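Remarks on the structure that follows.
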Amino acid sequence: MIIKVYLSKDIPKWIMDRYYPKFKATGERQGWWNIADSVVAGISGGPDSVALLWMLVSLWRGKVIVAHFEHGIRGRESIEDAVFVRDLAFSFQCPFFMESVPVPQLRQKGEGIEEAARRLRYEFLEKIRSENKAACIAVGHHNDDLVETVLFNVIRGTGLRGLQGIPEKRGYIVRPLIDFTRREIIDLLEGLSVNWREDSTNVDTNYARNKIRLQLIPLLEREYNPKIRKHIAFLSRQAFETANLLENEAAKINGLVGIKPLPYTKALWDRKALRSLNLPALQIAECLRKQQRDMHLTTLSSDRTELLLKLIKDKINWRFQWEGKVEVCGDKNFIAWLDWDVNDRLIDVPIDLESRPSGTFSWNGWEISWELLEGKFTQSKFGTHQCRLIIDNQESAVIRVMSAIKARKTFGWNLEFMSWWAKRGWPIFILSCKMWWVPIYGEGKGKNVIWPSSRAVQIKAHYQKDERM
């Protein structure tokens, strides 16, 4: 296969007039047009990816690396696609990388074949980008793909983010053809006498996207509005710009309400600060999505997002399972994202200071140390990570470590200063019922009691994952 690669001065005028300005403007907007590094082009062999490769090589002057993912779904057709793309890359004198993967065998639980193929393909493209230190990955989605995706999302049920369709840039992924229609792409290839491969599954209307492309959009153009594609693309751009504004605002809001996490929490919001902002549900939902992206959690459905918003608005104490062991819990002070990797069978630890005047041990993620002190003491001292408890000379010098929830049940202490979700695995240090201390909160009993004593115990407690250690 030989495909002519034009020098700038030899490119046909109709291409320079019709394609070059739009391609250049898209590249500048997406940030790759003026880079010195290479670009990885994900090439399937279909018309859109072949046009992408031709334009990158002929209209852009950077280095192009061709990467092809052979998914093994369509048997011999897939192999022929791979051979075609290899020859295409050689014709363009581009480095070529290929990976052949049996996608059906590598599906994750609950994952469809198309979804698995997409995931594995992007993993492969990212590997090639990283190994070659390329600036970005270019893929061939075009304006018609964008329109089809918006309609698909609307039919399935979506919000503002679904109206964006396909983002023109996300992470290292860029879509240089996003402003070109399928008709423009075919016209380019036919005008250049360049061949491409056809995916036989693209005409199978058992697939929802194919039915939208082959039946629904032509019906809308014929019966309702011949400019429907243009209008949907415009709606997508407006949704994208609006979502960007909301996302930027969400980052600012999360910076205002987000506080340093407590033990067992992955993220923590100040609920009073959130209430003071008096935000509409739409903005709180965007803040939740920003938190989800930051924590790399799965995206909530619209129904589950509505449920979480209702809990935040109407309830004081609540819990919401996000995924797996990750929960969101609310109380009057906080909204906390927790990963419940907490021992449900926490044992009491009695420490006899007479026989063990000092030592260290670990308890449910906490590193604890103690030391028996002798001297003249009159008052206990409570801090966030250490305390000094005076010991009654008439009582045995034994401290107990137990979970806050058990201490509440055993002694009837209400511990109202603690979040309900924290009591499950939080330690309390008890020196008889007269004296006890809760780390980080710096609260307890006996803080203001004064009596002379010749002994005291100093306790230090740090949560091992706590950055404040």
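In the numbering used here, the protein residues as written are -17 to 451.
Beta carbons are placed, not taken as given, at the ideal position from N, Cα and C, and that holds for glycine.
Remember, it's a predicted structure, so these values are computed and weren't measured experimentally.
By the CB criterion at 8 Å, His53 and Ile25 fall outside the cutoff. For Glu180, there is no enclosing alpha helix (DSSP H), as DSSP gives it neither H nor E. Between Arg211 and Asp126, the C-beta spacing is below 8 Å. Between Ala18 and Val46, the gap from beta carbon to beta carbon reaches 8 Å or more.
C-alpha of Gly92 to C-alpha of Asp(-1): approximately 48 Å in a straight line.
According to DSSP, residue pairing for Ile47 in a beta bridge involves Val22. Put simply, the segment 312 to 322 touches the segment 399 to 412. At least three CB pairs are less than 8 Å apart. The way I'd put it, the segment 59 to 78 doesn't touch the segment 200 to 219; fewer than three beta-carbon pairs between them come closer than 8 Å. The three-state secondary structure of Ala249, taken from DSSP, is strand.
Judged by DSSP in its simplified three-state form, Leu38 adopts helix.
Residue pairing by DSSP leaves Glu288 without any beta bridge partner. Annotation for Pro29: Ile167, Ile168, Leu171, Trp178 place their beta carbon closer than 7 Å to its own, counting only its chain and skipping 5 residues before and after. Cβ-Cβ distances below 7 Å link Gln146 to Ser218, Ala221, Phe222, Ala225 in the same chain, with the five nearest sequence neighbours on each side left out; the list follows chain order. For the pair Val156 and Arg382, the Cα-to-Cα distance works out to about 59 Å. Going by DSSP, Gln368 is part of the beta strand (DSSP E) stretching over 368 to 373. In chain order, Met384 place their CB closer than 8 Å to the CB of Thr392, counting only its own chain and leaving out the 5 sequence neighbours on each side. In this structure, Gly122 sits near Ser31, with a CB-CB distance shorter than 8 Å. Taking 8 Å as the cut-off, the Cβ atoms of Ile441 and Gln368 count as close. Secondary structure of Tyr445 (DSSP, three-state): strand.
Close CB contacts of Leu228 within its chain, under the 6 Å cut and outside five residues either way in sequence, are with Glu268 (chain order). Of the candidates Pro86, Lys115, Ala99, Ser40, Ser40 places its Cα closest to the Cα of Gln75. Distance from the CA of Glu150 to the CA of Pro158, rounded to the nearest whole angstrom, comes to 8 Å.
Secondary structure note for Trp(-4): its alpha helix (DSSP H) is the uninterrupted segment -5 to 0. Counting C-beta atoms within 10 angstroms of its own C-beta, Asn230 has fewer than 16 neighbours from the protein chains shown and is therefore classed as exposed. Note that the segment -6 to 11 does not touch the segment 73 to 89; fewer than 3 beta-carbon pairs, one per stretch, sit closer than 8 Å. For Gly27, the three-state secondary structure derived from DSSP is coil.
Closest by C-alpha distance to Lys427, out of Gly312, Ser378, Gly365, Ala379, is Gly365. For His124, the number of other beta carbons within 10 angstroms of its own is at least 16, and it is reported as buried. With respect to the 8 Å criterion, Ala389 and Leu354 are not classified as neighbours on the basis of their beta carbons.
Cα atoms of Gln12 and Pro3: separation of roughly 14 Å, rounded to the nearest angstrom. Out of Glu62, Leu413, Trp36, the CA that lies nearest to the CA of Glu180 is found in Glu62.
Its chain contains Cys369, Arg370 as the residues whose beta carbon lies nearer than 7 Å to that of Lys363, once the 5 sequence neighbours on both sides are disregarded; these appear in chain order. Between Ile373 and Leu413, the C-beta spacing is below 8 Å. Counted as a single uninterrupted DSSP element, the alpha helix (DSSP H) harbouring Lys388 occupies residues 386 to 393. Here DSSP, grouped into helix, strand and coil, assigns Phe134 to helix. About 5 Å separates the Cβ atoms of Trp14 and Cys118, confirming a contact at the 8 Å cut-off.
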